[in-house]
RNA sequence: CGGCGUGUGGCUCAGCUUGGUAGAGCGCUACGUUCGGGACGUAGAGGUCGCAGGUUCAAAUCCUGUCACGCCGACCA
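Residue numbers (this note's numbering): 3 to 481.
See the structure below:
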């Protein structure tokens, strides 16, 4: 009993205090550490390895659509930032400024990029002359800085890692197609690799990116019923092009403005993985994103042959393409089990003297704790099946949770009651007027998460004001 | 930017009210016994108490200032 109690105390139960649970999991899974600068985190090996896998998967998918990687500076001259009015108004409150170089005060202060639209525009203005130079489909992997007041590991930090794609096209149609294409890349990645189901849709004007004509988003629901914007793709039209003078000569020898897009996904997704799949024992990583998929845990490893067998299993499985480690530390097996669970390693394989004698090993799933006895000769086949099933189950479980926490509201009373009492998404009709969004935010703190591409007509009138409805909106309280 | 809270070995914290030579648990190191859900014994290493002033014979403790971090709000990926 005393042992059980100790286990429970390590990680706060998510039902008791979800925020504390999240912090505990981040800490116990050794994903990050705090630093002496508020809001700037050390991403430790276990956390960074997840990011590397996210990068690898996304980068591959990007390149399949013709994306090329580049790198632009981390500093933006103030004058450049100010060229597009909405954009600077959106970001000015949270940028960090460099005012000195060495001991000298700079003539013009430089902001540390909060996003790189202005730099890409400046660059494209020089690069693009002719329709032959189009399209430009560039992306960069970098960090950006936004001086947030409130910070949390992965979810909101002052410096975070991301990728930002910036494209320039000859026509509005092409830009729109690219905007949607990249949103779909994100959505597929989330569902196929991270096992996180998302709602694809468009942001309201109030919620869209500063300077964008349209912002598309994928929205995910966390375990506590709060929404997390998980990736965005923006269509800028020719707004930035006009502000920065990005023009090309068309085939008919007329001067035209380009149409641009940008799209990004960040280390925040690691937070989403934690909050969608995690449980009271710690992190649960979907097999397809896990840096280590299998931890082999020898039982009674001092006994003749046990460790050798554990290494042999590891080598065989690595050969078969799995990511495998052996925990051969001198901790007790119970300790190793807890470690593997806190770190979210999808399965562990227990191998002890009894198993060796029986020619088997015990596979234990992290998500369900289901124990599967597998014969050593077809361990690899069994493992493939277990990991595939687990990946599918995790997506379905997350989808079921989201669907069970998605409600419809037809009247304002019903809307307020639902949004306040039932954590999750509330679907309701909206007239398109920002006054209603403002009122809802004031009275409930909920925001319009998105207008889903898959529209349904729940009623003819706005849930808030009763005027004719223009769209169904997913509302929710968000991170 | 507002509210709350916290700074003492690597970690979690006690000590502060009432000033008097710095403590515990965990972790770490060595050796031995253990090993199918966080094992145990023995011996050890490790701290100018966030920082700066002040009061005092004497400050982790009292006073003033300052910095940092965490959580909750408003703003945001």
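We treat Cβ as the ideally placed atom computed from N, Cα and C, and that holds for glycine.
Along the chain, where does the beta strand (DSSP E) containing residue 454 start, and where does it finish? 449 to 454
Under the assumption that residue 245 contacts residue 427 (Cβ atoms under 8 Å), give the Cβ distance between them as a whole number of angstroms. Going by Cβ atoms, the distance from residue 245 to residue 427 rounds to 36 Å, so no, they are not a contact pair.
Helix, strand or coil at residue 337 according to DSSP, with G and I counted as helix: helix
Alpha-carbon to alpha-carbon, residue 481 and residue 13: 21 Å
Please report the distance separating the alpha-carbon of residue 137 from that of residue 187. 19 Å
Exposed or buried, which one is residue 412 when buried takes at least 16 other CB atoms within 10 Å? exposed
Taking Cβ positions, are residue 1 and residue 347 nearer each other than 8 Å? Because the chain here runs from 3 to 481, residue 1 falls outside it and cannot be looked at.
Assess contact between the segment 352 to 363 and the segment 236 to 253, defined as three or more Cβ pairs (one per stretch) separated by less than 8 Å. Is contact present? no
Distance CB(residue 80)-CB(residue 115) smaller than 8 Å: no
Taking the alpha helix (DSSP H) that residue 89 falls in, what are its first and last residues? 87 to 93
Under the three-state DSSP convention, the category residue 292 falls into: coil
With distances taken between CB atoms, is the gap from residue 224 to residue 285 smaller than 8 Å? no
Through-space distance from residue 336 to residue 3, alpha-carbon basis: For residue 3, the pLDDT reaches just 24, beneath the cut-off of 50, and the residue's location in the model is therefore unreliable, although a value from the coordinates is still provided. Straight-line Cα distance between these residues: approximately 14 Å.
Considering residue 380, what are the terminal residues of the alpha helix (DSSP H) in which it resides? Residue 380 -> no alpha helix (DSSP H), and no H or E assigned at all.
Residue 300 bridges to which residues according to DSSP? 353
Run the CB neighbour count on residue 5, radius 10 Å, all protein chains shown included, and call it buried at 16 or more, exposed below. Note that residue 5 scores a pLDDT of 32, beneath 50, so its modelled location is shaky; the value from the coordinates is reported in the next line. Exposed, since its Cβ has fewer than 16 Cβ neighbours within 10 Å.
Could you tell me whether the Cβ atoms of residue 352 and residue 364 are closer together than 8 Å? yes
Looking at C-beta atoms only, is the number of pairs between the segment 166 to 186 and the segment 255 to 274 that lie closer than 8 Å three or more? yes
Anyone know if the C-beta pair for residue 118 and residue 163 falls short of 8 Å? no
Whose CA, out of 472, 464, 437, 420, lies closest to the CA of residue 478? 420
Identify every run of the beta strand (DSSP E) within the segment 234 to 321, keeping only runs that are complete inside it and at least 3 residues long; order them along the chain. 249 to 251, 257 to 259, 261 to 268, 296 to 300
7 Å Cβ shell around residue 51 - same chain, five flanking residues per side excluded: 293
Residue 234: buried (16+ other C-beta within 10 angstroms of its C-beta) or exposed? buried
Is it right to say residue 41 is buried, meaning 16 or more other beta carbons lie within 10 angstroms of its own, or is it exposed? buried
Would you mind giving the Cβ-Cβ distance between residue 199 and residue 397, rounded to the nearest angstrom? I have them listed as a contact below 8 Å. 6 Å
Under three-state DSSP, which class holds residue 146? strand
The alpha helix (DSSP H) that contains residue 443, what's its start and end? 436 to 446
Out of curiosity, what's the CA-to-CA distance linking residue 156 and residue 36? 11 Å
Would you mind sorting residue 147 into buried or exposed? The rule is 16 or more other CB atoms within 10 Å of its CB. buried
For residue 16, which of 341, 404, 281 has the nearest alpha-carbon? 281
Let me know if residue 369 comes out buried or exposed under the rule of 16 or more other beta-carbons within 10 Å of its beta-carbon. buried
Rounded straight-line distance, which links the Cα of residue 327 to that of residue 473: 51 Å
Got a sec, what are the start and stop residues for the beta strand (DSSP E) residue 79 sits in? 77 to 79
Measure the CB-CB distance between residue 122 and residue 100 and report whether it falls below 8 Å. no
Name the DSSP bridge partner or partners of residue 427? 408
With respect to the alpha helix (DSSP H) encompassing residue 184, which residues constitute its N-terminal and C-terminal limits? 174 to 194
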